[in-house]
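**Q** Residue numbers (the numbering used here), protein chains in the order written: chain A, 1 to 258; chain B, 1 to 305; chain C, 1 to 371.
For glycine and all other residues, C-beta sits at the position ideal for the given N, C-alpha and C.
Fair warning: this is a prediction, and the values are worked out from it, not measured in the lab.
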Amino acid sequence: MAQTALQSGVANTPDDTLEAFDISVHFEGLAAIDNVTIAMKNKEVFGLIGPNGAGKTTLVNVLTGFQKPTQGRVVLGGKDITGWAPHKLGRGGLARTFQAVRLFRDLPVVENLEVAAVGTGLGRREASKRALDILKWMNFEQKAFDQADTLPYGEERRVGIGRALAMSPRFLLLDEPAAGLSDAECDELMGVISRIPDRFECGVLLIEHNMRVIMGVCHRIHVIDSGKTIAEGTPDEIQANPEVIRAYLGSKSEESRA
Amino acid sequence: MLQTIIQNAVDAISLGSLFALTALGIGLIFGVMRLINFAHGDFIMVGAYALIVPSAADAAMMFIGAWPAPILVISIISVLIVVALASERVAFRPLRTADPSILLITSFALSFFLQNLVLMVYSGRPKGIPLWPNLIKPVLVGEIRIPQLHIITISVTLGLLILLVLFLKRTAIGIQMRAASEDFRMAQLLGVRGNRVIAVAFAISGLLAAVVALLFVAQTGTLSYKMGVPLVLFAFVATVVGGMGSLSGAVLGGFVVGIASVLFQAILPADMRLNDDAWVFGLILLILLVRPTGLVAVKALQERV
Amino acid sequence: MSDAAMDRPDTAAVRMVAVVRFFWTPIVLALFGLAAVVIVWASGDGVLARTITDALIRTVLVIGLYIFIGNSGVLAFGHIAFMLIGGYAAAWFTMSPFKKSFALDLPPILANNEFPLFPSAVVAGLLPALVAAIVGIPIMRLSGIAASIATFAVLAIFYTVYSNWDSWTFGASTLVGIPIYVNMWIALAWAVFAMFVAYIYQQTKFGLALRATREDPIAARAAGINIPVQRLIAFVVSAFFMGIAGVLQAHFLGSLIVNGFWLGITFLSLAMLIIGGQRSLTGAVVGVTMVSTIVELLRQVEAGVEVAGVIFELPGGFQELGLAVLMIVILIYRPAGIMGGLEVPWPFGGNRRVLAGGFTIVHAERTPASE
């Protein structure tokens, strides 16, 4: 069952794009991000990788309004959204997850999703229905009414993704969803991520350290190190790129051979 | 004219010193426990009442207040250190992991408790006590008359601040306290003993309260069971204005509030003067709206996304 | 999953049960209040009637407090300002011109007129709501603790101004001559109204959105929620009820004094809410009930207790002392408050969901505040 988004009267269109041009973020003289440009399309799974501290989360924060870029523009579907507040971007179709998950702990799982749906303008009843639909799709409806802080770690992360999906996003930004998951849980995650673009008609930006997940689901990958772009291409191209191997994959062990 | 300005300035700095010391007492505990200790004003009050013989009589008889100055000072400090440590042990330690609002209400309750205890023992009538009456006498600095007490207040405050800075930067336990203020959990993992650090914070807080009590009583000459309330209110506000979690902010906030208080008193036309408290709070509101994190922003309290 | 529930026949009876189940919490709380009032009325005890009226007025106040603090998680200290504004507004509207002329010097439209009681009450409640809307716009943008202090600053400003505004408030003196009409039935009516409004609010998407901001403001913003706007809504609604509490107080005592709207009642109302459990409506009501009962008991003890023929009288201040000790003890053992964020449980078993007339009801082993 395909989901079309109706927030702000904008439906998910097949030629939707999310672009960031020449983004730089400076903290007290240090460049956390230095002239990075990315462009992603609807229904694409776009990976963002790089060593720790490379600036990946900062970039996501820029895209989702939590960080103002010192320079550069962010454009969503042709509209300049640079500097927009997070809640406005949420309503505009950009949803994200957090490394720290940040669930609404005292609320039941289903309300965690309802909140996000309500945030995009739905009434309570429709929000509830959408929340349950998504939980069902994720095979999680049996825990819908459990309080969020009773969940084990892996399930917390799933709910975080579900919450972002409840916004019927045009673009979904996942910040290290596989962190701390077992191999089996990773496989399950990969299945979920690869089914999202078609089901929700959106693009997915995936930040990850887990190479198996990245290589397994991404159509294209962008690599940054110390705030600068060092490569972009398909998984095969990236794996063969000597710069990337040197900066990142080379220092890692078995996981680099996906 | 110059005389008035300087006198007002000294007044302001002296009052600011008292607020700064009180704010510091609150700030120290907030730093290690995220607790806003509303009972701090009542610690001060208890310290003041310790000077007289416990009785409900109208006329107060000096008890500790009659002892020679050095012994008096040390005794009151000791009394308040005990009171502060006891409060921590009984009221706050069991609630250490509770919500900030719970901690706040607990400190309210403690404040209530102390006030009513004193009320029961000493009665509600304000009592006059002469503590070091000679200090009110002014001293001639050039052509300007300045009460000795103001000079003493300012110098004592300065001295304490310097000592505190040295303590926090140079001693082992001081460094541990600063670490615990930044990140309590992490400090514990690194071997800092939470209980000890918190106890030290309370002890210092008690010391500061004792100093304020003595200076305040010397200045006003009266005791009343609600005397701690305006002090803690203004000091609390000062802590927020200065930037919660920052000790230098607390001190700065204390001076800002003290100076604003005297300033408004001095410059407002007579009929508006009654409302000078309102002006001070109006200023505070303004500061908060312009700089919501307070004058000295503290990194540790800002959340990472 | 919920299909089993959906298969149940959609008869009028089933729908009615669903509605009752949806409104279960305020229904039970209202019935509890009604039962208490009926018992006191039947006993004919005038003193007890006054005590319970007082408690019901406090209920309106604390429910008002809960609407904001419980849902937003922002611990406001300045709420009594709204009670102050409402109370004196009630006096301005309803006192007879004759009585006004003794103490006050109001503009002609107020000085020469006396308006009907009920409309006056409503307008007197709306006035603090308006003030809240105005001061709330900048204040709700502040972080938790800064917002708390800012609301306190607002209270301090109003308190100081009202204390000195002799012509409108009679300054620091007691203003008397306010028409007395609030008895326990009227107080109960307002309390029940407050319960239903608070409950409906927390069920709407606004209440839900605000609770999310309480849990994690960053995630809430990412979810599309405008935090200052949501807080402002709750702040204004809450100010209305606190204003009404002031109105009821004025028409209950027949007198007002600015000093009665300062730290004592601030502490007491916050204590009631937090002891009962600030995260649920039931918590607010339980808190008022419990603390009022304790205060009453302690007052009796302070007045003199007879033990084995000997009367023990305790010195003034014992009542407050006892309350303070009790509060600390309760908080140590139930740090989330007595209700711990739960509402009134639905006693008839049953499983997950029932859809009724557009509302969704959820029942799980735990019944969190939102349902």
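Helix or strand or just coil, what does DSSP make of H222 of chain A?
**A** If DSSP states are grouped into helix, strand and coil, H222 of chain A belongs with the strands.
**Q** Round the Cβ separation of I274 of chain C and L326 of chain C to the nearest angstrom and send it over; I've been treating them as touching at under 8 Å.
**A** About 13 Å; that fails the 8 Å criterion.
**Q** Can you tell me the Cβ-Cβ gap for I57 of chain C and L297 of chain C, rounded? I've got them flagged as a contact below 8 Å.
**A** With a Cβ gap of about 19 Å, I57 of chain C and L297 of chain C do not count as contacting.
**Q** Determine whether the beta carbon atoms of S107 of chain B and I36 of chain B lie at a separation below 9 Å.
**A** For S107 of chain B and I36 of chain B, yes; Cβs fall inside 9 Å.
**Q** On the DSSP bridge list, what partners appear for H26 of chain A?
**A** For H26 of chain A, which the question treats as bridged, DSSP gives the partners A:A31.
**Q** Within 8 Å: the Cβ of R102 of chain A and any heavy atom of the ligand ATP?
**A** Among the components modelled here there is no ligand, and therefore nothing to report on the ligand ATP.
**Q** Quick check on the DSSP output: the beta strand (DSSP E) that includes G191 of chain A runs from which residue to which?
**A** That residue, G191 of chain A, is in no beta strand (DSSP E); its alpha helix (DSSP H) goes 183-200.
**Q** Which bits of chain A does A284 of chain C rub up against, with CB to CB less than 8 Å?
**A** By Cβ distance, chain A contributes nothing, its closest Cβ being about 17 Å from A284 of chain C, past 8 Å.
**Q** Can you pull the DSSP bridge partners for G233 of chain A?
**A** According to DSSP, which records beta bridges pairwise, G233 of chain A is partnered with A:I221.
**Q** My understanding is that V204 of chain A touches I221 of chain A, with C-beta atoms under 8 Å, so please give their C-beta distance in whole angstroms.
**A** Actually they are not in contact, since the Cβ atoms of V204 of chain A and I221 of chain A sit about 12 Å apart, beyond 8 Å.
**Q** Is T174 of chain C near S280 of chain C, with beta carbons less than 9 Å apart?
**A** Taking 9 Å as the Cβ cut-off, T174 of chain C and S280 of chain C do not qualify as a contacting pair.
**Q** Quick check: the stretch 77-86 of chain C against the stretch 146-166 of chain C, are there 3 or more CB pairs under 8 Å?
**A** Yes: the two stretches touch, three or more of their Cβ pairs being nearer than 8 Å.
**Q** In whole angstroms, give me the CA-to-CA distance for T4 of chain B and P269 of chain B.
**A** Between T4 of chain B and P269 of chain B, the C-alpha separation is close to 16 Å.
**Q** Out of A:A184, A:N210, A:M215, A:G65, state which residue places its alpha-carbon closest to the alpha-carbon of P51 of chain A.
**A** That would be A:N210, whose Cα lies nearest to the Cα of P51 of chain A.
**Q** For E126 of chain A, which residues in the same chain have their Cβ closer than 6 Å to its Cβ, ignoring the five residues on either side in sequence?
**A** Nothing meets the Cβ criterion.
**Q** If you measure between the beta carbons of E176 of chain A and E208 of chain A, is that distance less than 9 Å?
**A** In this structure, E208 of chain A lies closer than 9 Å to E176 of chain A by Cβ.
**Q** Would you check if the stretch 227-234 of chain C and the stretch 102-121 of chain C touch, i.e. whether three or more CB-CB distances between them fall below 8 Å?
**A** Not touching, per the Cβ criterion.
**Q** Whether or not the stretch 44-64 of chain C and the stretch 179-188 of chain C are in contact is what I'm after, with contact meaning three or more pairs of Cβ atoms, one per stretch, closer than 8 Å; do they touch?
**A** Yes: at least three Cβ pairs fall under 8 Å.
**Q** Within 9 Å (strictly less), CB to CB, does L6 of chain A reach chain C?
**A** For L6 of chain A, the pLDDT reaches just 38, beneath the cut-off of 50, and the residue's location in the model is therefore unreliable, although a value from the coordinates is still provided. It does not; no Cβ of chain C falls within 9 Å.
**Q** Classify R91 of chain A: buried if its beta carbon has 16 or more other beta carbons within 10 angstroms, exposed otherwise.
**A** Flag for R91 of chain A reads buried.
**Q** If I measure Cβ to Cβ from D276 of chain B and keep anything under 8 Å in the same chain, skipping five residues before and after, which residues do I get?
**A** So the qualifying residues of the chain are S261, F264, Q265, L268.
**Q** To the nearest angstrom, how far is it from the Cα of R304 of chain B to the Cα of D80 of chain A?
**A** Distance between the alpha carbons of R304 of chain B and D80 of chain A: 26 Å.
**Q** Under 9 Å between C-beta atoms, does T25 of chain C make it to chain A?
**A** With 9 Å as the cut-off, T25 of chain C does not count as an interface residue toward chain A.
**Q** Please classify M120 of chain B: does DSSP put it in a helix, a strand, or coil?
**A** Looking at M120 of chain B - three-state DSSP - the assignment turns out to be helix.
**Q** Helix, strand or coil for S255 of chain C? Go by DSSP, reduced to three states.
**A** Of the three classes helix, strand and coil, the one that applies to S255 of chain C here is strand, per DSSP.
**Q** In the DSSP assignment, what are the bridge partners of G128 of chain B?
**A** Answer by DSSP bridge pairing, in chain order: B:T222.
**Q** Residues in its own chain within less than 6 Å of V74 of chain C by CB, not counting five upstream and five downstream?
**A** G144, A147, listed in sequence order.
**Q** By DSSP, does N351 of chain C sit in helix, in strand, or in coil?
**A** A caution first: N351 of chain C carries a pLDDT of 44, below 50, which makes its placement in the model too unreliable to give a value.
**Q** In chain order, what residues of the same chain lie with their CB nearer than 6 Å to the CB of M272 of chain C, ignoring the 5 residues before and after it?
**A** Hits under 6 Å: V62, G287, V288, V291.
**Q** By DSSP's criteria, G47 of chain B is part of a beta bridge. Which residues make up the other side?
**A** For G47 of chain B, which the question treats as bridged, DSSP gives no partner whatsoever.
**Q** May I ask you to list, following chain order, the residues of the stretch 211-236 of chain C that have a beta carbon less than 8 Å from some beta carbon of chain B?
**A** Residues passing the 8 Å Cβ filter: I218.
**Q** Pick from B:A218, B:L2, B:M227: whose alpha carbon is nearest that of I136 of chain B?
**A** Per the Cα distances, B:A218.
**Q** Shorter than 9 Å from the beta carbon of T267 of chain A to some beta carbon of chain B?
**A** Within the shown structure, residues of chain A are numbered from 1 to 258, placing residue 267 of chain A beyond reach of any answer.
**Q** Would the beta-carbon of I224 of chain A fall within 9 Å of that of E243 of chain A?
**A** The answer is no: Cβ separation not under 9 Å.
**Q** Taking Cβ positions, are P109 of chain A and L89 of chain A nearer each other than 9 Å?
**A** It is Val, not Pro, that sits at residue 109 of chain A in the sequence shown. Contact: no.
**Q** Check distances from the C-beta atoms of the stretch 54-79 of chain A to those of chain B and list, in chain order, the residues that come in under 7 Å.
**A** Within the stretch 54-79 of chain A, the residues whose Cβ lies closer than 7 Å to some Cβ of chain B are N61, F66, listed in chain order.
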